[in-house]
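K.L.:
With this note's numbering applied, the sequence shown covers 613 to 898. Quick reminder that beta carbons are idealized off the backbone N, C-alpha and C, glycines included.
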Amino acid sequence: MGARIDGKMKAQAVRAAVAEEAAKLTAKGTVPGLAVVIVGSDPASQVYVRNKGKMAREAGFASFTHELVATVSEHELLELVRALNNDPAIHGILVQLPLPDHIDEQRVINTISPAKDVDGFHVQNVGRLVIGERGFVPCTPLGCMMLIKEQQPELAGLHAVVVGRSNIVGKPMASLLLRESCTVTVAHSRTRDLPELCRSADILVAAVGRPRMIGGDWIKPGAIVIDVGINRIETGEGKSRLVGDVDYEKALDVAAAITPVPGGVGPMTIACLLKNTLDAARQLAG
Ligand code: GUN
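#1: For ILE831 versus ALA867, is the C-beta spacing smaller than 7 angstroms?
#2: Quick one, which of ALA647, GLY614, ILE617, ALA628 has its alpha-carbon nearest ALA892's?
#3: Return the Cβ separation of ILE724 and GLU686 in integer angstroms, given the expectation that the two are a contact with Cβ distance under 8 angstroms.
#4: Under DSSP, the alpha helix (DSSP H) around ALA900 begins and ends at which residues?
#5: For ARG981, I'd like the list of residues in its chain whose CB is within less than 6 angstroms of its CB, leaving aside the five on either flank, ordered along the chain.
#6: Restricting to runs no shorter than 3 residues, where is the beta strand (DSSP E) found entirely within the region 782-811?
#7: Please report the straight-line C-alpha distance between ILE617 and ALA869, rounded to a whole angstrom.
#8: Among LEU806, ALA634, GLU679, GLU632, whose alpha-carbon lies nearest the alpha-carbon of ASP654?
#9: Helix, strand or coil for LYS832, going by three-state DSSP, please let me know.
#10: In whole angstroms, give me the CA-to-CA distance for ALA629 and ALA668.
#11: Taking the Cβ atom as the reference point for each residue, do GLY704 and LYS728 lie within a distance shorter than 7 angstroms?
#12: Starting from the Cα of GLU745, find the closest Cα among SER787, ALA674, CYS810, LEU692 and give me that residue.
#13: My guess is that PHE673 and ALA634 are in contact by the Cβ rule of under 8 angstroms, so how many angstroms apart are they, rounded?
#14: Identify every residue that forms a DSSP beta bridge with ILE705.
#15: Three or more beta-carbon pairs under 8 angstroms between the region 871-882 and the region 850-860, yes or no?
#16: Under 6 angstroms: does the beta carbon of ASP731 sit that close to some heavy atom of ligand 1?
#17: Looking at ligand 1, does it come within less than 6 angstroms of LEU690, judged from the CB to the closest heavy atom?
#18: Following a CB-centred definition, is LEU854 positioned closer than 6 angstroms to any heavy atom of ligand 1?
#19: Given 6 angstroms as the limit, tell me if LEU890 has its C-beta closer than that to any heavy atom belonging to ligand 1.
#20: In terms of DSSP beta bridges, what is GLY848 paired with?
#21: DSSP three-state label for THR683, please.
#22: Would you report the Cα separation of SER812 and HIS771, rounded to the nearest angstrom?
#23: Taking only the alpha-carbon atoms, compute the straight-line gap between LYS862 and THR683 and give it to the nearest angstrom.
#24: Heavy atom of ligand 1 less than 6 angstroms from the Cβ of CYS751, yes or no?
#25: Given a cut-off of 7 angstroms on the beta-carbon distance, is the pair ALA623 and ALA883 in contact?
#26: Pick from LYS640, THR881, PHE676, PRO712: whose alpha carbon is nearest that of LEU696?
#27: Within a Cβ cutoff of 7 angstroms, which residues of the same chain sit near ASN722, ignoring the five residues on either side of it in sequence?
#28: List the residues that DSSP assigns as beta-bridge partners of ILE826.
Laid out in structure tokens, this is it:
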């Protein structure tokens with residue numbers, strides 16, 4: 613029986629440390645400021661954005677939320693981003709994704725000042741991560757790496773399999789694991805014999821968005837399993853619940869340690885967003 617990795621507890625510790633540092637920075641005259649921009653009214657995005665604002669305030673940050681209608685023009689959105697770039701009270705800017713189809717997502721992201729890009733999605737920060745320069749690292753993979761390293765501080769030579777190749781999770785996760793000298797395989801929907809590949813993973817990161825796709829018999833005994841999936845499934849009588857991309861109960865028997873859903877990676881994402889925003893505030897304050 614493996615260990616349940618408590619992301620909620622770890623996230624609380626990260627947030628407490630961030631709050632302590634934020635108080636010191638505030639005493640020196642800089643209140644860390646986070647601006648969150650949401651376009652449209654996707655309920656899941658609204659929940660995330662509300663949570664980000666709440667956690668930011670709890671850490672002693674100034675939190676600014678900009679809610680734009682789904683029909684907003686790309687030009688108007690870009691103007692808002694430019695205004696936030698020039699606002700000295702703002703140190704971190706997050707534009708919640710996905711954006712409506714008529715808006716070029718990467719153009720919006722690349723308009724954010726790289727120094728305020730606390731999501732780490734600007735092409736400049738992506739490039740820095742890949743070549744190993746200091747920059748902002750995307751929050752979800754950063755949180756995953758903190759959880760992995762708490763289980764296993766030395767990762768050199770381990771085989772890491774990342775299932776999923778998104779810009780938000782899969783690709784930056786692979787870069788982070790490579791930076792730790794893992795042998796990294798990025799798998800995706802076209803990968804052949806995925807179960808066999810997963811069984812060769814010392815570290816398995818699942819980020820595909822398909823409920824319980826990864827079975828217990830896909831896990832190498834003693835592996836560390838990080839489940840990034842957050843899938844809502846119907847349980848009958850109009851009720852639903854959240855499950856990950858991994859069959860948690862089965863995998864728990866085989867793995868050394870595994871993150872649950874909810875309570876694993878999710879809370880770490882927001883904690884890392886606050887950490888990145890604190891770092892941005894410190895750097896911008898000099
Ligand atoms: N949508 C889903 N995850 C994220 C994230 O980490 N950042 C932003 N901006 N949007 C998201």
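P.N.:
Working from what's here:
#1: The sequence position of residue 831 within the sequence shown is 219, counting from 1. The sequence position of residue 867 within the sequence shown is 255, counting from 1. Contact: yes.
#2: The count along the sequence shown starts at 1 and reaches residue 892 at position 280. Measuring from the Cα of ALA892, the nearest candidate turns out to be ALA647.
#3: In the sequence shown, residue 724 corresponds to position 112, counting from 1. In the sequence shown, residue 686 corresponds to position 74, counting from 1. At roughly 14 angstroms, the Cβ-Cβ gap does not stay under 8 angstroms, so ILE724 and GLU686 are not in contact.
#4: Here the chain covers residues 613 to 898 and nothing more, so residue 900 does not appear.
#5: Because the chain spans 613 through 898 in this model, residue 981 falls outside it and cannot be assessed.
#6: If you keep only unbroken beta strand (DSSP E) runs of at least 3 residues inside the region 782-811, you get 795-799.
#7: Position 5 of the sequence shown, counted from the first residue, corresponds to residue 617. Position 257 of the sequence shown, counted from the first residue, corresponds to residue 869. Separation of ILE617 and ALA869 (C-alpha to C-alpha, rounded to the nearest whole angstrom) is 6 angstroms.
#8: Reading the sequence shown from its first residue, position 42 is the one you call residue 654. For ASP654, the nearest C-alpha among the options comes from GLU679.
#9: Numbered from 1 along the sequence shown, position 220 holds the residue referred to as residue 832. Of the three classes helix, strand and coil, the one that applies to LYS832 here is coil, per DSSP.
#10: Here residue 629 is taken as the residue at index 17 of the sequence shown, counted from 1. Here residue 668 is taken as the residue at index 56 of the sequence shown, counted from 1. Straight-line Cα distance between these residues: approximately 13 angstroms.
#11: Stepping through the sequence shown from its first residue, residue 704 is reached at position 92. Stepping through the sequence shown from its first residue, residue 728 is reached at position 116. Result yes, Cβ atoms of GLY704 and LYS728 sit closer than 7 angstroms.
#12: Working through the sequence shown from its first residue, we reach residue 745 at position 133. Taking only the C-alpha atoms, the option nearest GLU745 is SER787.
#13: Numbered from 1 along the sequence shown, position 61 holds the residue referred to as residue 673. Numbered from 1 along the sequence shown, position 22 holds the residue referred to as residue 634. With a beta-carbon spacing of about 6 angstroms, PHE673 and ALA634 fall inside the 8 angstroms limit used to define contacts.
#14: Numbered from 1 along the sequence shown, position 93 holds the residue referred to as residue 705. According to DSSP, which records beta bridges pairwise, ILE705 is partnered with ALA647.
#15: Yes, they touch.
#16: Taking the sequence shown and counting its residues from 1, the one referred to as residue 731 is at position 119. Between ligand 1 and ASP731, a heavy atom-to-CB distance of less than 6 angstroms is present.
#17: The residue labelled residue 690 in the question sits at position 78 within the sequence shown. When distances are taken from the beta-carbon of LEU690 to the heavy atoms of ligand 1, even the shortest one reaches 6 angstroms or more.
#18: As a working note, residue 854 is residue 242 in the sequence shown. Every heavy atom of ligand 1 is 6 angstroms or more from the Cβ of LEU854, so no.
#19: Residue numbering aside, residue 890 sits at position 278 when the sequence shown is read from its first letter. Here the distance from the Cβ of LEU890 to the nearest heavy atom of ligand 1 is not below 6 angstroms.
#20: As a position in the sequence shown, residue 848 is number 236, starting the count at 1. Paired residues: LYS851.
#21: Your numbering for residue 683 matches position 71 in the sequence shown. Here DSSP, grouped into helix, strand and coil, assigns THR683 to coil.
#22: Reading the sequence shown from its first residue, position 200 is the one you call residue 812. Reading the sequence shown from its first residue, position 159 is the one you call residue 771. The C-alpha of HIS771 is placed about 7 angstroms away from the C-alpha of SER812.
#23: The count along the sequence shown starts at 1 and reaches residue 862 at position 250. The count along the sequence shown starts at 1 and reaches residue 683 at position 71. Using only the alpha carbons, I get a separation of about 45 angstroms.
#24: For the purposes of this step, residue 751 is identified with residue 139 of the sequence shown, where counting begins at 1. Yes, the Cβ of CYS751 comes within 6 angstroms of a heavy atom of ligand 1.
#25: For the purposes of this step, residue 623 is taken as the residue at position 11 of the sequence shown. For the purposes of this step, residue 883 is taken as the residue at position 271 of the sequence shown. ALA623 places its beta carbon less than 7 angstroms from that of ALA883.
#26: As a first step, residue 696 is located in the sequence shown; it is residue number 84 there, counting from the start. In terms of CA proximity to LEU696, PHE676 leads the group LYS640, THR881, PHE676, PRO712.
#27: On the sequence shown, position 110 is the one that residue 722 refers to. For ASN722, where only same-chain residues beyond five positions count, the Cβ hits under 7 angstroms are HIS734, VAL735.
#28: As a position in the sequence shown, residue 826 is number 214, starting the count at 1. Note: ILE826 sits in a beta bridge opposite VAL858.
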